[in-house]
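Below is one structure, written out as structure tokens, with a few remarks after it.
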Amino acid sequence: MRILVTNDDGIHALGLLALRAALLRLGEVVAIAPDRPRSACGHAVTLHKPLRLTPVELPGGTGYASNGTPSDCVALGVGEQVGPAPDLVVAGINAGPNLGWDLTYSGTVAAAMEAAICGLPSIAISVTSYTATDFAQAAEFAAYLSQVVIQHGLPQDTFLNVNVPAVPASEIKGVAVTHQGRLIYENRIERRTDPRGGDYYWFSGDRVDHRGQPGSDIEAVAKNRISVTPVHLDLTDHTMLARLRVWDLTWPGKIT
Ligand code: MN
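Here it is in structure tokens:
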């Protein structure tokens with residue numbers, strides 16, 4: 192088995208190295224990851240400048256640093272630029288949670304999404320602390336879940352998003368299969384003043400509901416459970432489809 196690992200925290204991130212080491216027990220692992228932190232880049236791809244791949248010596252073998260985004264890295268790996276196409280793509284281990292509506296901002300999740308678009312089974316995995324240094328437990332779970340995914344396969348257009356609570360192993364209360372929670376922030380943008388008296392703005396804010404809705408990814412990690420959410424590429428609101436057809440959307444060519 193050949194596994195492609197990537198992330199949005201950069202090729203030298205501890206989470207990627209831990210993931211790679213754990214997955215080496217399952218087969219061949221190729222790491223292609225951004226050459227710098229690219230968190231919150233979402234599903235961006237690089238269209239207007241050359242993409243480069245630079246070999247990087249990592250513990251246990253060579254990896255590849257790319258000047259592109261996580262989605263670029265998956266496209267390069269799947270496109271057989273550094274060897275045969277992978278059988279599985281695992282993105283992470285991200286430092287920081289990827290829960291609820293935050294999935295759409297995440298470069299880690301977008302990498303798994305890109306793999307699903309390419310028709311490959313994929314997993315995005317995160318630990319819930321931005322300052323995490325211990326990825327051992329999440330790496331073990333990633334290896335375990337990778338085996339399970341290879342065994343069962345995943346449906347077309349579907350990948351798994353995993354969040355591992357950043358607590359000692361003894362405090363983990365098992366695995367929860369979850370749905371994406373509703374993640375609402377308040378005071379999202381903070382206005383500050385620079386030394387010359389001009390305004391500038393900084394994303395910040397507090398989550399409105401820290402516990403999350405029952406059955407959600409947010410609730411699971413709040414209860415120290417490993418959250419596994421199946422995510423589908425289709426963002427269509429299928430309930431709204433029928434309702435929208437009832438609206439009269441006949442376009443008269445101008446506003447009447
Ligand atoms: Mn990140």
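Taken in order, the sequence shown gives residues 192 to 447; the numbers are from this note's numbering. Even for Gly, the Cβ is constructed at its ideal location relative to N, Cα and C. Owing to the predicted nature of the structure, the values given are computational and were not obtained by experimental measurement.
- Fewer than three pairs of CB atoms, one per stretch, sit closer than 8 angstroms, so the stretch 330–347 makes no contact with the stretch 291–299.
- When the five nearest sequence neighbours on each side are left out, the beta carbons in the same chain lying within less than 7 angstroms of the beta carbon of Asn289 are those of Ser297, Thr299, Val300, Ala315, Ser317, Asn352 and Asn354, in order along the chain.
- Taking the CA atoms as reference points, Asp199 sits about 45 angstroms from Lys445.
- In the DSSP assignment, Val437 falls within the unbroken alpha helix (DSSP H) covering His429 to Val437.
- Residue state for Val221 is assigned as strand, using DSSP reduced to three classes.
- With 5 angstroms as the limit, the residues whose C-beta approaches any heavy atom of the ligand MN more closely are Asp199, Asp200, Ser230 and Asn285, in sequence along the chain.
- For Arg382, the uninterrupted beta strand (DSSP E) run begins and ends at Ile380 to Thr384, by DSSP.
- Counted as a single uninterrupted DSSP element, the stretch harbouring Phe326 is not any beta strand (DSSP E), since DSSP gives it neither H nor E.
- Following the DSSP letters along the chain, one finds Glu248 inside the beta strand (DSSP E) bounded by residues Leu244 to Leu249.
- In this model, Leu440 and Ala282 are separated by some 41 angstroms (Cα to Cα).
- Under the Cβ criterion (8 angstroms, minimum of three pairs), the stretch 251–262 does not count as touching the stretch 366–373.
- With contact defined as three or more Cβ pairs closer than 8 angstroms, the stretch 199–209 and the stretch 227–237 are in contact.
- Contact annotation: Ala330 and Leu210 have beta-carbon atoms nearer than 8 angstroms.
- The C-beta of Asn285 has 16 or more other C-beta atoms within 10 Å across all chains shown, which makes the residue buried.
- Comparing C-alpha distances from Pro246 to each of His239, Ala413, Ser257 and Gly406 shows the shortest one belongs to Ser257.
- Within a 10 Å sphere around the beta-carbon of Thr260 sit 16 or more other beta-carbons, which makes this residue buried.
- Apart from the 5 residues on each side of it in sequence, Leu205 sits with its Cβ closer than 7 angstroms to the Cβ of Thr324 and Phe326 in its chain, given in chain order.
- DSSP places Thr299 in the helix class (H, G or I) of the three-state scheme.
- One alpha carbon belongs to Val412, the other to Val422, and they sit about 17 angstroms apart.
- Around the CB of Gln328, 16 or more other CB atoms lie within 10 Å, so the residue is classed as buried.
- Sixteen is the threshold: when 16 or more other Cβ atoms of the shown chains lie within 10 Å of the Cβ of Leu267, as they do, the residue is buried.
- For Ile446, the three-state secondary structure derived from DSSP is coil.
- In this model, Phe394 and Leu217 are separated by some 40 angstroms (Cα to Cα).
- Residue burial annotation: Pro359 is exposed, with fewer than 16 other C-beta atoms found within 10 angstroms of its C-beta.
- Bounds of the beta strand (DSSP E) holding Gly254 are Gly252 to Ser257.
- Relative to the Cα of Asp425, the nearest Cα in the group Val280, Val273, Ala307 and Thr447 belongs to Ala307.
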